[in-house]
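Engineer:
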Amino acid sequence: MTPDEFRKHAHELVEWMAGYMENVENLPVKSQVRPGEIFEKIPGEPPSEAESFDSLMRDFDDIIMPGITHWQNPNFFAYFPANNSPASVLAEMLTATLGAQCMIWETSPAAAELEEKMMIWLRDLIGLPSGFEGVIQDSASTATLTAILTAREKATDFSGNIEGIRESGILRVYCSGQTHSSVEKGVKIAGIGRNNLIKVAVKDDFSMDHEKLKDAILADKKNGYIPCCVVATLGSTGTTAVDNLKAIGSICQENNIWLHVDAAMAGTALILPEFQWMLEGKEYIDSFVFNPHKWMFTNFDCTAYFIKDAGTLIKTFEILPEYLKTRTRGRVNDYRDWGVPLGRRFRALKLWSVIRTYGVEGLREKIRNHISYAAHLSEMIQKESDFEILAPVVIPVVCFRFKPAGYSEEAINNINEKLNHQLNDTGKIYLSHTVLNGKYTLRMVTAQTNVTLDHVMKAWLLIKETAREITL
Ligand SMILES: *Cc1c(COP(=O)(O)O)cnc(C)c1O
2 MTPDEFRKHA HELVEWMAGY MENVENLPVK SQVRPGEIFE KIPGEPPSEA ESFDSLMRDF
62 DDIIMPGITH WQNPNFFAYF PANNSPASVL AEMLTATLGA QCMIWETSPA AAELEEKMMI
122 WLRDLIGLPS GFEGVIQDSA STATLTAILT AREKATDFSG NIEGIRESGI LRVYCSGQTH
182 SSVEKGVKIA GIGRNNLIKV AVKDDFSMDH EKLKDAILAD KKNGYIPCCV VATLGSTGTT
242 AVDNLKAIGS ICQENNIWLH VDAAMAGTAL ILPEFQWMLE GKEYIDSFVF NPHKWMFTNF
302 DCTAYFIKDA GTLIKTFEIL PEYLKTRTRG RVNDYRDWGV PLGRRFRALK LWSVIRTYGV
362 EGLREKIRNH ISYAAHLSEM IQKESDFEIL APVVIPVVCF RFKPAGYSEE AINNINEKLN
422 HQLNDTGKIY LSHTVLNGKY TLRMVTAQTN VTLDHVMKAW LLIKETAREI TL
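Residue 2 is where the sequence shown starts when you use the working numbering, and the numbers rise one by one after that.
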């Protein structure tokens, strides 16, 4: 394809993209295809002769689009959002066009230095202490793995990397029963072993019971285990519970344990002064992760990972083969030493674009709106005697269920599961679920970039009507 042909197709594509943004609201939120349907439509072999880009686009519309779940549809209320925004998409076009591989400073100084500055902007915006340094990772899962590996090395005096961790005794990691599954994955990959991940019980509000954490740590120490890392969550995935950093942090400090904080979704709320209470105890934090690719209008992937002592991180990940030796080493940030992959995309650009085009106040306004929609929804749910709220509403996530009178708990679970599927099959809205204390729980997240109160009200009406018509 010549630059001139590219220009023509790119202009057509931009039309397609803007049209999609205008129309996405009218597309079925959850893809309605059956397993294998798309696979069967794609030829078994690649074409031997060149095809036109136009024919590719025709197939994209006919074959691919029906198999897309529209996360950018404002009626997407499932999981946590993976929001984008026009500013973010535009910057991604530049990133793709430059095609720079930003593994070290020398392979694109601007990428390294913009990343360094963006992490300072974000650190200050969310209120982390000024000593923290940041790096962009591909996902919160990777960042949490990075934290666990760094904690492992610190606990073993960096012998794990050299001798393997068998020599140093059995390490233990702690989190709550509501913690994201990425912690378990990280513990497995780090060679610590799933049986050495202790899931501490939660309190009524689903936050970690720090007294039980303390008991578990003391018992482990007595039995010769080495407590290595505690993962606290701000905004757990199921219910958005907020762990008490101050209480947990002081236990970590007394016992010389790494404190990693997973704020994947709720971290965005920290740019609001009225949510700074979640960070009380921040002086105890060793590492912290949040995902601008969830609720900060920056398309996947963009995870912000912050660390109090970047030296420990670098010492854990550093490698220096001959072909990566440079004259600038030690004077600049070579981010390949700040995480697992060597190769890195230029992701700071889209953050720069989003933060500048919204402005801090613009971001705050959007986030406050999302939170107010959830509060409103929660009030409406509480007004109906045959519905109930199942967890405190902190950020824009409402956990609830339909609870018609005269049914057993088991029947109510079945009714809510059926309700969830029936709603999603309409293509009009998309909700996901969790299970809380044995109760099948619907989760409604009012945080899509373009969601309005009107979308939330219409969705609630549909939920109420559908629920009351359900028969088992
Ligand atoms: C979404 C989520 C994760 C995982 O995020 P990825 O970036 O997809 O790895 C981890 N922790 C919490 C609390 C989350 O909500």
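Even for Gly, the Cβ is constructed at its ideal location relative to N, Cα and C.
Identify whether V34 lies in helix, strand or coil by the three-state DSSP scheme.
Structural biologist: Within the sequence shown, residue 34 is the residue found at index 33, counting from 1. The answer is coil: DSSP assigns V34 none of H, G, I, E or B.
Engineer: Helix, strand or coil: which one does DSSP assign to A101?
Structural biologist: Residue numbering aside, residue 101 sits at position 100 when the sequence shown is read from its first letter. DSSP places A101 outside both helix and strand once states are collapsed to three, so it counts as coil.
Engineer: Which residues are close to ligand 1, meaning CB closer than 7 Å to any heavy atom, in chain order?
Structural biologist: Residue list for ligand 1: F81, S140, A141, S142, T143, T145, H181, S183, T234, G236, S237, T238, D263, A265, M266, N292, H294, K295, T304 (CB closer than 7 Å to any heavy atom, chain order).
Engineer: Below 8 Å on the Cβ atoms is my contact criterion, and I expect K215 with I190 to pass it. Report the Cβ-Cβ distance as a whole number of Å.
Structural biologist: If you number the sequence shown from 1, residue 215 lands on position 214. If you number the sequence shown from 1, residue 190 lands on position 189. Not quite, the Cβ-Cβ distance comes to about 27 Å (not below 8 Å), so this is no contact.
Engineer: For G250, which residues from the same chain have a beta carbon less than 6 Å from its beta carbon, with the 5 sequence-adjacent residues on both sides left out?
Structural biologist: By one-based count along the sequence shown, residue 250 stands at place 249. So the qualifying residues of the chain are L260, G282, Y285.
Engineer: Between the stretch 116-133 and the stretch 269-278, do three or more beta carbon pairs fall short of 8 Å?
Structural biologist: With a cut-off of 8 Å, the stretch 269-278 and the stretch 116-133 count as touching, because enough Cβ pairs lie within range.
Engineer: Mark A217 as exposed unless 16 or more other C-beta atoms lie within 10 angstroms of its C-beta, in which case mark it buried.
Structural biologist: One-based indexing of the sequence shown puts residue 217 at position 216. Around the C-beta of A217, 16 or more other C-beta atoms lie within 10 Å, and the residue is accordingly described as buried.
Engineer: May I have a chain-ordered list of the beta strand (DSSP E) segments no shorter than 3 residues that lie completely inside the stretch 157-214?
Structural biologist: 172-177, 198-201
Engineer: Between Q449 and P75, is the Cβ-Cβ spacing less than 8 Å?
Structural biologist: Locating residue 449 in the sequence shown gives position 448, counting from the first residue. Locating residue 75 in the sequence shown gives position 74, counting from the first residue. Yes, the Cβ-Cβ distance between Q449 and P75 is below 8 Å.
Engineer: Return the CA-CA distance between N414 and V25, expressed in angstroms with no decimal places.
Structural biologist: Here residue 414 refers to the residue found at position 413 when the sequence shown is read from its first residue. Here residue 25 refers to the residue found at position 24 when the sequence shown is read from its first residue. When rounded, the distance between both Cα atoms is 32 Å.
Engineer: Bridge partners of E389, per DSSP?
Structural biologist: Numbered from its first residue, the sequence shown carries residue 389 at position 388. Answer is R402, bridged to E389.
Engineer: Comparing C-alpha positions only, which one of E13, I356, L443 sits nearest to H294?
Structural biologist: As a first step, residue 294 is located in the sequence shown; it is residue number 293 there, counting from the start. With distances taken between Cα atoms, H294 lies closest to I356.
Engineer: F291 and N84: beta carbons closer than 8 Å?
Structural biologist: Counting from one through the sequence shown, the residue named residue 291 turns up at place 290. Counting from one through the sequence shown, the residue named residue 84 turns up at place 83. No.
Engineer: Is Y336 helix, strand or coil when you go by DSSP?
Structural biologist: Position 335 of the sequence shown, counting from 1, holds the residue named residue 336. In the structure shown, Y336 sits in a helix (DSSP, three-state: H, G or I).
Engineer: I'd like to know if the stretch 315-330 and the stretch 104-111 are in contact, where contact means that at least 3 CB-CB pairs between them fall below 8 Å.
Structural biologist: yes
Engineer: Going by DSSP, what residue range makes up the alpha helix (DSSP H) through E16?
Structural biologist: By 1-based counting over the sequence shown, the position of residue 16 is 15. Start and end: 4-24.
Engineer: S53: buried (16+ other C-beta within 10 angstroms of its C-beta) or exposed?
Structural biologist: For the purposes of this step, residue 53 is identified with residue 52 of the sequence shown, where counting begins at 1. Per the 10 Å Cβ criterion, exposed.
Engineer: Within a Cβ cutoff of 6 Å, which residues of the same chain sit near I258, ignoring the five residues on either side of it in sequence?
Structural biologist: The sequence position of residue 258 within the sequence shown is 257, counting from 1. P228, V231.
Engineer: Taking the alpha helix (DSSP H) that C253 belongs to, which residues open and close that run?
Structural biologist: The count along the sequence shown starts at 1 and reaches residue 253 at position 252. Per DSSP, C253 belongs to the alpha helix (DSSP H) from 246-255.
Engineer: For the beta strand (DSSP E) containing V231, list its first residue and its last residue.
Structural biologist: Counting from 1 along the sequence shown, the entry for residue 231 is found at position 230. DSSP places V231 in the uninterrupted beta strand (DSSP E) bounded by 227-234.
Engineer: Does A152 pass the burial test, meaning 16 or more other C-beta atoms within 10 Å, or should it be called exposed?
Structural biologist: For the purposes of this step, residue 152 is taken as residue 151 along the sequence shown, with counting starting at 1. Its Cβ being crowded by 16 or more others within 10 Å, A152 is buried.
Engineer: Return yes when the Cβ of I368 is within less than 8 Å of the Cβ of W379, no when it is not.
Structural biologist: Here the question's residue 379 lines up with position 378 in the sequence shown. Here the question's residue 368 lines up with position 367 in the sequence shown. Reading off the sequence, residue 379 comes out as Ser, not Trp. No; because the gap between Cβ atoms is not below 8 Å, this pair is not in contact.
Engineer: Does any residue of chain D bring its CB to less than 8 Å from the CB of F298?
Structural biologist: This model lacks chain D altogether; it includes just one protein chain.
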